[in-house]
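Trainee:
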Amino acid sequence: MDVSSPAGPAIEPALFASQAFFHVQLNDTHLVAQELLRYGDLGSIHVFRVADLDGAEEPAPVGSFSPDEGADFWDRPLGFALLEDDLLVEWFRVNGATRSDVVDRHALSPAGVSSALGSLLVRESDEAGLLPSPLRLAARGRHAVLHPWRRVVALEGSAAMRFRTGLHHGSLERIWAGEDGAVLAVGPFGVHSVDLGDPMAPALTAGGMVFPLDMQRLRLAPAPSKAGALDLLTLPSSEPNVHQEGGTAVLSCLGPGEGGLLAPSGQLRIEGGRAVLASAPGQLFQAVPIDGGALRLRRFALPARCAGALLGPASEQIIAPQVSSAPRVAQALAVDGERAEVLLGQIYDEDLVAEISLHWFSWTGAGPMATGTLSGTGELTAVALAGDRALVIENRQHVYVLRRDGEDLVVHNHVDLSQAPSPRSSRTTAVRRRAPSTPRSTCPGPRSSARSPALCASERRGVGSTSAAGGGRTDRHPRSAPIVGEPRLERTDSGSVPSGPPSSTRPAAGL
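For the sequence shown, the positions run 1 to 511 when UniProt numbering is used.
Given below as structure tokens:
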């Protein structure tokens, strides 16, 4: 379309009418376009001469970069960045178990596109969890912004490329306490030191995208609360826990670096994925689904230094499955390092009817194991332990505070956020538990239409415990526990909240 005339735009003849290009860039001499294939897969990148676009026939590309794959490799062009006389093409390559992002630099001339004059490795890992960004590559002058996480490169000479970073370059994933109380803003590939001298105007004082290309998604860093002990730095993305991919996972260790920033300090490896992970200072916990519906809970003692070792579990427990024929779809894990306690949740879901089975126990074997079952919609938002209370958030709206009563879990408080006024009243809400009036045998099954959204004590089938240091195995016998009463909420003011989730939140069948 020509918009240069004051009389109005003039529509030129259409080019590439049958091509599904989703990214097109143009300079004085060349047009570069990338195809979008069916189901969102990235297709070939084609380079055309601008001089060839005026012909009656659809021009042929003077260069193309196409997907390729074989028995043990898989290559896809992620995108491109067009500069004045250079073209950068970034590739996502899978070679065996190794996944890498590589950018190639090509020269543009009237004759076409050169072969790769230089290459730069942007990212390399055996992890499958780091996905390509939906954002396009960008470039201007002698600089380009690449995947993943907006790495910046500068073109040097006729073939070289160099990484560039600065104080305000990076992204924030979490806040971490450094040495001497320093505040660190940590991202996937960078870290910044933050000056909080003026609480109303925090300032970055050092840092950038400084982590190496082989920095893993799973990372350990010195625990702020316990000197010399490592803790899990990685945050979960959309579920209660950090996930470990299948097979053996590599964890990057970070330690004190120059200027108080975190710096690479070796690696560790743990087997047993797929699993969910949680940590306490000096301890890493792994919950692994195993055949028969059980879970294997492993505890690893984290060393003070990371030297690439394959860690063996310090202890291991088999958590027996609950009495439910529904398939288990997820699990969640919370730990309290000071009290040596674990809260383990398992979700059984079938036909929109879900049960959240909970186990609360000490990994040292002290005291009884308390269990219970929550009814819900099949989504655990968060689980946590804090002293003698446990927190479970289900479906982003049902908040349960639980306590232990011997071998039973009891609802101490329950709030349905979907029924709360907005903004929420500052007046307190008192909660009491309605005492059970029927024996354990009347607690309905997981898909009974009469089942209420109450917390029912689970029927345990035994827990086996083993230790890597020996000590044998202890089996706990099954026990039928009484029903734990349905949470009943009453306000201290004149208002009231109905007992249990409203009917509008219940699935049509089952709960």
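All residues carry an ideal CB built from backbone N, CA and C; glycine is no exception.
Computed from a predicted structure; not experimentally measured.
What did DSSP end up calling Asp85 once you bin it into helix, strand or coil?
Mentor: Here residue 85 is taken as the residue at index 85 of the sequence shown, counted from 1. Correct three-state label for Asp85: coil.
Trainee: Is Val3 helix, strand or coil by DSSP?
Mentor: Along the sequence shown, read from residue 1 onward, the residue named residue 3 stands at position 3. In this structure, Val3 counts as coil in the three-state DSSP scheme.
Trainee: What would DSSP say about Glu35, mapped onto helix, strand or coil?
Mentor: Reading the sequence shown from its first residue, position 35 is the one you call residue 35. DSSP places Glu35 in strand when its eight states are reduced to three.
Trainee: Tell me, please, whether the stretch 164-174 touches the stretch 206-219 by the rule of three or more beta-carbon pairs shorter than 8 angstroms.
Mentor: Using a C-beta cut-off of 8 angstroms, the stretch 164-174 makes contact with the stretch 206-219, since at least three inter-stretch Cβ pairs fall below that distance.
Trainee: When you compare only the Cα positions, how much space is there between Leu15 and Ala138?
Mentor: Here residue 15 corresponds to residue number 15 of the sequence shown, with the count starting at 1. Here residue 138 corresponds to residue number 138 of the sequence shown, with the count starting at 1. Using only the alpha carbons, I get a separation of about 24 angstroms.
Trainee: If you run the structure through DSSP and keep just helix, strand and coil, what is Ser119?
Mentor: Along the sequence shown, one-based indexing puts residue 119 at 119. Of the three classes helix, strand and coil, the one that applies to Ser119 here is strand, per DSSP.
Trainee: Among all the DSSP beta bridges, which residues are the ones paired with Leu277?
Mentor: The sequence position of residue 277 within the sequence shown is 277, counting from 1. In DSSP, Leu277 forms a bridge with Val242, Gln286.
Trainee: CB-CB under 7 angstroms to Thr98, same chain, minus the five flanking residues each way: which ones, in chain order?
Mentor: Numbered from its first residue, the sequence shown carries residue 98 at position 98. Hits under 7 angstroms: Glu124, Asp126.
Trainee: Suppose you measure from the CA of Ala370 to the CA of Glu173; what does that come to, to the nearest Å?
Mentor: Mapped onto the sequence shown, residue 370 falls at position 370. Mapped onto the sequence shown, residue 173 falls at position 173. Each residue's Cα considered, the two are about 35 angstroms apart.
Trainee: Between the Cα of Leu88 and those of Glu58, Pro67, Pro59, Ser119, spot the shortest distance and give me the residue it belongs to.
Mentor: Indexing the sequence shown from 1 puts residue 88 at position 88. Checking every option, the nearest Cα to that of Leu88 belongs to Ser119.
Trainee: Taking the straight line between their C-alpha atoms, what separation do you get for Gly293 and Thr364?
Mentor: As a working note, residue 293 is residue 293 in the sequence shown. As a working note, residue 364 is residue 364 in the sequence shown. Answer to the nearest angstrom: the Cα atoms are 23 angstroms apart.
Trainee: Between which two residues does the beta strand (DSSP E) carrying Asp405 extend?
Mentor: Residue 405 sits at position 405 when you count from the first residue of the sequence shown. Run containing Asp405: 398-405, per the beta strand (DSSP E) assignment.
Trainee: Under a Cβ-count criterion, where at least 16 other Cβ atoms within 10 Å of its own Cβ denotes burial, should Thr234 be classed as buried or exposed?
Mentor: Mapped onto the sequence shown, residue 234 falls at position 234. Sixteen is the threshold: when 16 or more other Cβ atoms of the shown chains lie within 10 Å of the Cβ of Thr234, as they do, the residue is buried.
Trainee: Label residue 513 either buried or exposed according to how many other C-beta atoms from any shown protein chain fall within 10 Å of its C-beta, with 16 as the threshold for buried.
Mentor: Since the displayed the chain opens at 1 and closes at 511, residue 513 lies outside it and no answer follows.
Trainee: Does the stretch 353-360 touch the stretch 302-309, meaning 3 or more C-beta pairs lie closer than 8 angstroms?
Mentor: no
Trainee: Got a sec? Which residues, its chain only, sit under 7 angstroms from Leu226 by beta carbon, not counting five neighbours each side?
Mentor: What you label residue 226 is simply residue 226 of the sequence shown in a count that begins at 1. According to the sequence provided, residue 226 is Lys. The question's Leu does not apply to it. Closer than 7 angstroms at Cβ, skipping near neighbours: Pro281, Gly282.
Trainee: Helix or strand or just coil, what does DSSP make of Ser325?
Mentor: Within the sequence shown, the letter at position 325 stands for residue 325. Three-state DSSP puts Ser325 in coil, outside helix and strand.
Trainee: Could you check how far apart the C-beta atoms of Phe80 and Val152 are, in whole angstroms? I think they sit under 8 angstroms.
Mentor: The count along the sequence shown starts at 1 and reaches residue 80 at position 80. The count along the sequence shown starts at 1 and reaches residue 152 at position 152. Contact doesn't hold; Cβ gap of about 16 angstroms is too wide.
Trainee: Looking at Ala287: is its Cβ nearer than 8 angstroms to the Cβ of Leu344?
Mentor: Mapped onto the sequence shown, residue 287 falls at position 287. Mapped onto the sequence shown, residue 344 falls at position 344. Yes, the pair counts as a contact, with Cβ atoms nearer than the cut-off.
Trainee: To test your reading of the DSSP string, which unbroken beta strand (DSSP E) runs of 3 or more residues are found completely within the stretch 193-274?
Mentor: 203-208, 219-222, 230-232, 242-256
Trainee: Note down the Cα distance separating Val102 from Leu391, rounded to an integer number of angstroms.
Mentor: In the sequence shown, residue 102 corresponds to position 102, counting from 1. In the sequence shown, residue 391 corresponds to position 391, counting from 1. Those two C-alpha atoms are separated by around 44 angstroms.
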